[in-house]
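Just below is one structure, and these are the notes that go with it.
Number of protein chains: 2
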Amino acid sequence: MKRKNLNIGLFGFGCVGYGLYEVLEKTPGLKANIKRICVKDKSKQRQLPSEHFTFDKNDILNDGEINTVVELIDDADAAFEIVKTALQKGKAVVTANKKMIAEHFDELLQLQKEYNVPLLYEAACCASIPIIRNLEEYYDNDLLESIEGIVNGSTNYILTKTSEEHISYAEALLEAQQKGYAESNPIMDTGGFDAKYKLLILIAHAFGVVAKPDEIYNIGIDRLGELELNYAKEKGLSIKLIAFAEKTSEGKINAFVLPKFIQKSDKLFSVNDVFNGVKTKSYFSDVQFFVGKGAGAYPTASAVLSDISALSYDYQYEYKKLNQNEILESDKNILLKVFLRHDLEYVSEFKRCFNSIQESYRNHESGYIIGIISLANLKIIAERNYADTSIVLFDIAKSNTNETIKKRKQEYAFN
Amino acid sequence: MKRKNLNIGLFGFGCVGYGLYEVLEKTPGLKANIKRICVKDKSKQRQLPSEHFTFDKNDILNDGEINTVVELIDDADAAFEIVKTALQKGKAVVTANKKMIAEHFDELLQLQKEYNVPLLYEAACCASIPIIRNLEEYYDNDLLESIEGIVNGSTNYILTKTSEEHISYAEALLEAQQKGYAESNPIMDTGGFDAKYKLLILIAHAFGVVAKPDEIYNIGIDRLGELELNYAKEKGLSIKLIAFAEKTSEGKINAFVLPKFIQKSDKLFSVNDVFNGVKTKSYFSDVQFFVGKGAGAYPTASAVLSDISALSYDYQYEYKKLNQNEILESDKNILLKVFLRHDLEYVSEFKRCFNSIQESYRNHESGYIIGIISLANLKIIAERNYADTSIVLFDIAKSNTNETIKKRKQEYAFN
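As given, the protein sequences belong to chains A and B, one line each in that order. Heads up, the first sequence is in this note's numbering, so the first residue is 1 and it goes up one at a time. Heads up, the second sequence is in this note's numbering, so the first residue is 1 and it goes up one at a time.
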């Protein structure tokens with residue numbers, strides 16, 4: 001296997017970009033050099049001489065010597081234009097922009113096919129955890145049953161602080177913002193949108209479903225309150241924001257992002273702070289579990305680097321499972337056991353949304369219901385935006401996984 | 001990237017071989033078919049018609065149409081002869097035989113280079129955990145500081161049983177043997193040899209050191225007794241058989257296999273039963289942690305399958321770190337904090353072996369010493385084979401890791 005020389009045009013020169021620059025300088029074994037760096041702000045002081053930089057994206061996109069574009073900017077729309085043009089010009093692309101990928105997945109697949117160029121984005125999912133590559137390479141022929149993970153570092157930091165230091169959600173968020181783990185407008189993280197974009201990318205590689213962002217339901221952690229935090233504490237559970245997808249016995253894909261009570265025996269229980277953790281379950285390799293830092297300049301640079309390394313031998317994703325024509329399960333068929341905290345005014349309406357109720361509780365100002373509800377009804381409750389509700393998942397109520405396993409075990413019976 | 005057609009000659013047709021056969025049959029997307037299977041026992045009933053089989057290895061090795069050999073037999077010597085001839089004939093090879101690889105690593109490297117053919121062996125280390133591929137691909141340019149793991153499933157099963165069900169080591173071993181997790185002659189597992197072979201493979205990919213098996217010191221779990229098991233229980237620790245390697249501040253590699261007390265906060269604490277877990281620590285991606293089933297037909301077949309899949313696009317290990325010319329640290333420079341259980345007769349001799357002693361205890365029949373000792377002296381104690389001693393590691397006493405990090409942080413200072 002001969003490694004290809006990579007001549008890189010880099011977009012964006014924040015911490016990740018600069019880290020990447022340094023490592024590439026120090027690893028001559030990988031024949032990759034950054035020829036040009038495109039940045040936006042003309043007035044900013046930078047750590048390299050000005051001849052490295054350009055402010056015009058076409059200086060990179062029209063440069064025939066540049067065969068690889070690394071895109072590390074924040075703006076998802078601008079990023080898409082860059083990535084699209086680069087692919088059209090036959091340049092391989094590495095990006096870390098999950099929002100851009102999730103919003104343009106179909107088009108990006110089409111571009112890769114049409115121009116036969118690789119687009120790699122390991123850094124877009126769980127930063128340093130090589131989950132996409134492992135799904136592509138390790139689960140490509142395996143019978144994957146489910147994938148479940150903590151995929152957003154900043155919400156995990158906030159939840160860890162809330163639970164370990166018994167501070168309020170607002171205080172923990174403020175601390176996360178002060179440490180640079182959360183944006184000043186943190187809704188992308190705390191609302192579960194960032195997790196959803198990642199899940200959307202993961203299910204394409206895991207199950208071959210290309211979904212639109214609004215087809216995957218997400219509830220974040222921004223509504224969590226005392227009642228459910230105390231409930232978790234009393235029962236020895238922790239609350240984590242979970243991205244989940246499984247293949248049902250009907251062969252459909254059930255995917256969502258929700259806060260979930262995690263048992264102590266669950267491998268995700270001890271994934272704390274800015275760490276991410278992803279569990280996969282498959283017929284042959286059973287449960288596998290990947291843990292690593294899910295955010296930060298260095299972990300992200302490390303994932304970008306490994307994509308660049310892979311490009312040097314012409315690696316590209318194969319998306320083999322896309323041919324399986326999987327589809328998403330409908331919301332009314334997804335039954336969940338949840339904890340719903342509610343104010344007292346609408347309690348009877350809430351109760352009617354449940355298929356069955358196992359526990360209910362009320363004090364002078366609020367209450368909770370524990371029971372089985374369809375995702376469709378859960379959405380109705382959450383979207384009507386009642387003054388003060390919060391939802392935490394216990395588990396899939398009607399998990400078809402056992403049936404699925406049984407069915408597959410029969411198919412694969414080594415008799 | 002065009003996938004190559006693979007025409008496979010398979011050696012061995014136990015559970016893993018048969019599982020592999022079935023999955024390949026069911027995944028036509030991967031252009032790989034098993035042309036011929038070589039087995040030893042002529043009288044054994046098999047699950048496929050006899051025309052699939054041969055009893056003569058040359059029917060595969062001399063078949064010009066077979067471009068890939070998958071070796072899944074037990075006998076390390078016979079396996080080496082097969083692998084060697086296959087490589088010499090330009091056939092790509094996949095093997096799961098850690099003992100064979102560890103004992104012939106130099107020669108296998110030489111053969112790969114001379115005949116320019118890939119030899120892949122993901123299944124040889126921690127079965128379903130894709131640790132070798134991740135070391136090759138994800139840590140190839142990164143600054144890896146240490147690797148530490150539970151890499152042997154059967155000892156982990158025994159230790160889990162001993163600690164959770166409070167049964168004796170002998171009972172747990174018997175149970176493991178009855179369940180097929182341990183061989184009737186279990187010394188390869190319980191003596192830490194299997195773990196050592198895996199560590200030897202891991203450090204070649206992690207740090208570029210090709211060691212001989214007798215250069216890596218291993219103590220197993222077969223001498224563990226009540227005193228240290230109770231000590232662990234009282235302190236809330238667990239005992240795990242650990243394979244460990246780190247780069248010292250002098251740039252040398254310190255590697256060994258020892259039973260170790262694991263704190264509850266350590267990610268390895270909750271890796272139980274036949275699961276394996278591997279922690280890596282590196283400058284850019286920080287701590288990463290991989291967990292999966294480390295033994296069994298399916299997890300192993302799953303790893304073999306992913307190697308076959310990789311061969312279809314001509315993947316081969318690059319062993320880039322071999323050029324770094326790393327060497328092993330000398331035993332006298334490796335200082336360990338250990339727990340030594342001993343009988344009462346030689347206690348003064350034992351004490352003289354320690355650099356410093358923090359605790360000592362004795363009752364009417366035995367005692368223990370907790371203190372700092374060099375690996376060289378530890379070997380002397382263990383190898384003299386005193387009637388009843390047992391050694392459990394607390395930690396590296398003089399860990400240079402902090403200094404190393406500091407030094408590298410300076411080198412890579414993003415100022």
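Glycine included, every Cβ here is placed at the ideal spot set by N, Cα and C.
Start-to-end residues for the beta strand (DSSP E) that takes in residue i
| i | result |
| --- | --- |
| Pro259 of chain A | 253-262 |
| Ile34 of chain A | 32-38 |
| Glu246 of chain A | 238-247 |
| Asp286 of chain A | 286-293 |
| Gly192 of chain A | Segment: none, Gly192 of chain A is in no beta strand (DSSP E) and carries neither H nor E. |
| Lys281 of chain A | 275-282 |
| Gly19 of chain B | Unbroken run through Gly19 of chain B is the alpha helix (DSSP H), 15-26; no beta strand (DSSP E). |
Euclidean distance between Cα positions of residue i and residue j
| i | j | result |
| --- | --- | --- |
| Gly19 of chain A | Tyr298 of chain A | 7 Å |
| Ser399 of chain B | Asn67 of chain A | At Ser399 of chain B the pLDDT is 46, less than 50, meaning the model places this residue with poor confidence; the figure from the coordinates comes in the next sentence. Whole-angstrom Cα-Cα distance: 44 Å. |
| Lys407 of chain A | Val287 of chain A | Summary for Lys407 of chain A: the model assigns pLDDT 49, below 50, so the residue's position carries little reliability; its value from the coordinates is reported in the next sentence. Their backbone Cα atoms lie some 18 Å apart in a straight line. |
| Ala211 of chain A | Glu114 of chain A | 20 Å |
| Leu199 of chain A | Ala96 of chain A | 14 Å |
| Gln410 of chain B | Ile150 of chain A | Because Gln410 of chain B sits at a pLDDT of 44, beneath the cut-off of 50, its placement in the model cannot be relied upon, and the following sentence gives the value as read from the coordinates. About 32 Å. |
| Leu48 of chain A | Ser306 of chain A | 23 Å |
| Lys379 of chain B | Phe350 of chain B | 12 Å |
| Ala86 of chain B | Gly14 of chain B | 21 Å |
| Gly9 of chain A | Ile37 of chain A | 6 Å |
| Glu107 of chain B | Lys240 of chain A | 49 Å |
| Arg223 of chain A | Ile101 of chain A | 27 Å |
| Val23 of chain A | Lys31 of chain A | 12 Å |
| Lys267 of chain B | Ile262 of chain A | 17 Å |
| Val271 of chain B | Lys293 of chain B | 10 Å |
| Ile327 of chain B | Val209 of chain B | 6 Å |
| Lys98 of chain B | Asp194 of chain B | 8 Å |
| Arg46 of chain B | Gly153 of chain B | 28 Å |
| His166 of chain A | Glu228 of chain A | 13 Å |
| Phe244 of chain B | Asn254 of chain B | 8 Å |
| Phe11 of chain A | Ala76 of chain A | 13 Å |
| Ser366 of chain A | Gly251 of chain A | 40 Å |
| Tyr412 of chain A | Glu329 of chain A | Residue confidence is low: Tyr412 of chain A scores 39 on pLDDT, short of 50, so the model does not pin down where it sits. No coordinate-derived value is stated. |
| Thr401 of chain B | Arg133 of chain B | Bear in mind that the predicted position of Thr401 of chain B carries a pLDDT of just 45, short of 50, making it too unreliable to give a figure here. |
Boundaries (first-last residue) of the alpha helix (DSSP H) holding residue i
| i | result |
| --- | --- |
| Lys161 of chain A | 153-164 |
| Ser302 of chain A | 297-311 |
| Gln47 of chain B | Taken as a continuous stretch (DSSP letters only), Gln47 of chain B belongs to no alpha helix (DSSP H), as it is neither H nor E. |
| Leu268 of chain B | Run containing Leu268 of chain B: none; DSSP gives neither H nor E here. |
| Leu61 of chain B | 58-61 |
| Asn230 of chain A | 226-235 |
Contact under 8 Å by Cβ, residue i with residue j
| i | j | result |
| --- | --- | --- |
| Tyr317 of chain A | Leu6 of chain A | no |
| Ala123 of chain A | Val274 of chain A | no |
| Lys247 of chain A | Glu145 of chain A | yes |
| Asn363 of chain B | Ile129 of chain B | no |
| Ile370 of chain B | Glu383 of chain B | no |
| Thr389 of chain A | Leu340 of chain A | yes |
| Tyr157 of chain B | Ala176 of chain B | yes |
| Tyr315 of chain A | Pro118 of chain A | yes |
| Thr190 of chain B | Thr160 of chain B | no |
| Phe394 of chain B | Lys332 of chain B | no |
Best match in the options for proximity to residue i [C-alpha to C-alpha]
| i | options | result |
| --- | --- | --- |
| Ser265 of chain B | A:Ser360, A:Gln263, A:Phe269 | A:Phe269 |
| Val83 of chain B | B:Arg362, B:His104, B:Ala176 | B:His104 |
| Tyr138 of chain B | B:Asn333, B:Ile334, B:Tyr283 | B:Tyr283 |
| Lys196 of chain A | A:Val257, A:Phe339, A:Ser163, A:Arg223 | A:Val257 |
| Leu322 of chain B | B:Asp56, B:Lys235, B:Ile167, B:Glu136 | B:Glu136 |
| Ser356 of chain B | B:Leu335, B:Glu365, B:Glu345 | B:Leu335 |
| Thr280 of chain A | A:His205, A:Tyr217, A:Ser374 | A:His205 |
| Ser309 of chain A | A:Phe55, A:Gln45, A:Lys89, A:Val70 | A:Val70 |
| Gly64 of chain B | B:Lys91, B:Ile187, B:His166 | B:Lys91 |
| Glu148 of chain B | B:Glu164, B:Ile372, B:Phe289 | B:Phe289 |
| Ser238 of chain B | B:Ser163, B:Tyr181, B:Asn254 | B:Ser163 |
| Lys35 of chain A | A:Thr54, A:Ala295, A:Pro213 | A:Thr54 |
| Val16 of chain A | A:Asn62, A:Ile372, A:Ser312, A:Gly296 | A:Gly296 |
| Asn325 of chain A | A:Asn62, A:Ile203, A:Ser302, A:Val94 | A:Ile203 |
- Message: In chain order, what are the residue ranges of uninterrupted beta strand (DSSP E) at least 3 long that sit wholly in the segment 69-149 of chain A?
- Response: Listed in chain order, they are 92-95.
- Query: At which residue ranges does the segment 311-388 of chain B contain complete beta strand (DSSP E) runs of 3 or more residues, listed in the order of the chain?
  - Reply: Within the segment 311-388 of chain B, the complete beta strand (DSSP E) runs of at least 3 residues fall at 335-343, 354-362, 366-374.
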